[in-house]
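Asks: After the structure tokens below, expect a handful of questions from me.
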Ligand code: UT7
């Protein structure tokens, strides 16, 4: 049942999907009324037109719980059957306990273990790989992976170079055994030398919270956009190519390519280098911005709704982000 070689795993599938989309829409035009930016700059540099914001009283776990509840209500699965809850997020509720513990308790997953995966915006792909490994190894039958972000709570709304890019939302998938030998090919990578390029400087053990860290606005997301852009365009292509090669699948045989939704220019550049046509590539960042760990499941949901992702399709997903980390996965869509 288990992997034939590194990165290749048989016997697991995505068996259910759910999402949570906050109601509040923040347009570029509205942002331009509060900071020195413009719809023209944001949409031409990133492709983003609007993003969603959670309510002031909502945290990451609230969005994750909503996505998991949506998943359970649509697909007839029961919370008591879940063996493991993996929560992925750039900005968890608190440093500890794990957001997954709160999610499991709130949805009634009373028989589940729970832990968080922290790999920046690549978290969803890392979480999916972890869930797949547990299921393929026969350790667990039913693993819930959430990708949820209340990122608006961690943005410096005075910093135009970051606050225009991100948004809130959540998705959840259930990984279960597959009886028709579905294959997951994965590639997970990390280059910790890029850690300073995307981080939240204070609030951990390196720089505990103090009056000074608050005054210096060090409890918000900080990013060197140019460095992350350079990293992303290179590593994403390499990772996708490796995953395709490991699975023995050509780019032309991929039905849908769903990259992390950080910037339309990155998506177009990467897609062109991999040889994908426009029809093969999915994006929705124009409506959601960069929702970090939620971006891929939100795309999967939209792609299904639009009839662009169908049962039996070959799906390639890729994430990248803080760490700097990256991860890609090829699978057959079974929903
Ligand atoms: O999920 C995490 C992964 N994150 C990413 O993948 C982000 C990757 N990076 C990017 O997508 C791009 O680097 C950005 C969209 C963040 C920035 O685009 P850029 O073309 O690299 O712009 P820049 O940072 O080089 O800035 C160009 C100019 C600067 O002005 P000067 O110095 O040329 O006068 C900035 O101050 O644009 C200015 N600028 C803005 N102007 C209007 C930066 N942000 C804004 C803004 N509105 N919001």
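Residue numbers (this note's numbering): 167 to 501.
The beta-carbon is built from N, C-alpha and C at its ideal position, and this holds for glycine as well.
Here the structure is a predicted model, which is why all the values come from computation and not from measurement.
(1) With a threshold of 6 Å on Cβ separation, who are the neighbours of residue 481 within its own chain once the five nearest residues in sequence on each side are excluded?
(2) Take the Cβ of residue 289 as the centre, count every other Cβ of all protein chains shown within 10 Å, and call the residue buried at 16 or more, exposed below.
(3) Let me know the secondary structure DSSP gives residue 447 once reduced to three states.
(4) Are the CB atoms of residue 386 and residue 320 nearer to each other than 8 Å?
(5) Buried or exposed for residue 200, going by 16 or more other Cβ atoms inside 10 Å?
(6) Relative to ligand 1, is the shortest distance from any of its heavy atoms to the C-beta of residue 199 smaller than 7 Å?
(7) For residue 424, is the classification buried or exposed, using 16 other Cβ atoms within 10 angstroms of its Cβ as the cut-off for buried?
(8) Using alpha carbons as the reference points, say which of 361, 418, 210 and 193 lies closest to residue 394.
(9) What do you get for residue 188, buried or exposed, if any count of 16 or more other CB atoms within 10 angstroms of its CB means buried?
(10) Looking at the structure shown, is residue 484 part of a helix, part of a strand, or coil, going by DSSP?
(11) When burial is assigned at 16 or more other CB atoms within 10 Å of the CB, is residue 323 buried or exposed?
(12) Is the CB-CB distance between residue 527 and residue 474 below 8 Å?
(13) Does the beta-carbon of residue 395, which I'm using as the reference point, lie nearer than 7 Å to any heavy atom of ligand 1?
(14) How long is the line joining the alpha carbons of residue 354 and residue 462, rounded to whole angstroms?
(15) Give me, in chain order, the residues of the same chain whose beta-carbon lies closer than 6 Å to that of residue 428; leave out the 5 immediate sequence neighbours on both sides.
(16) Might you give, ordered along the chain, the residues of its own chain that have their beta carbon closer than 6 Å to the beta carbon of residue 325, omitting 5 neighbours on each side?
(17) Nearest-angstrom Cα distance between residue 491 and residue 485?
(18) Our contact map puts residue 495 next to residue 281 with C-beta atoms below 8 Å; I'd like the distance itself, whole angstroms only.
(19) Among the candidates 443, 487 and 439, whose CA atom is the shortest distance from the CA of residue 388?
(20) Tell me the rounded alpha-carbon separation between residue 182 and residue 468.
(21) Which of the three DSSP states is assigned to residue 169 in this structure?
(22) Could you check which residue in 343, 241 and 213 has the C-alpha nearest to that of residue 332?
Replies: Inspection of the coordinates gives the following:
(1) The residues are 422, 497 and 499.
(2) Residue 289 should be labelled buried.
(3) Residue state, collapsed to three classes: strand.
(4) Cβ distance < 8 Å, so residue 386 and residue 320 count as in contact.
(5) By the 10 Å Cβ count, residue 200 comes out exposed.
(6) No - ligand 1 has no heavy atom lying nearer than 7 Å to the Cβ of residue 199.
(7) Under this definition residue 424 is a buried residue.
(8) The option with the nearest alpha carbon to residue 394 is 361.
(9) In this structure residue 188 is buried. Its beta-carbon is surrounded by 16 or more other beta-carbon atoms within 10 angstroms.
(10) Residue 484: strand per DSSP, three-state reduction.
(11) Exposed, since its Cβ has fewer than 16 Cβ neighbours within 10 Å.
(12) Residue 527 lies beyond the residue range present for the chain, which begins at 167 and ends at 501; the question has no answer from this structure.
(13) Relative to ligand 1, the beta carbon of residue 395 is positioned inside 7 Å of a heavy atom.
(14) For residue 354 and residue 462, the gap between their C-alpha atoms comes out near 16 Å.
(15) 456, listed in sequence order.
(16) Here residue 325 has no same chain residue with a Cβ atom under 6 Å from its own Cβ, once five neighbours each way along the sequence are excluded.
(17) Approximately 8 Å, taken between the alpha carbons.
(18) Actually they are not in contact, since the Cβ atoms of residue 495 and residue 281 sit about 20 Å apart, beyond 8 Å.
(19) Of 443, 487 and 439, the smallest CA-CA separation from residue 388 is found for 487.
(20) Taking the straight line from one Cα to the other gives about 14 Å.
(21) Because residue 169 sits at a pLDDT of 42, beneath the cut-off of 50, its placement in the model cannot be relied upon, and the following sentence gives the value as read from the coordinates. Correct three-state label for residue 169: coil.
(22) With distances taken between Cα atoms, residue 332 lies closest to 213.
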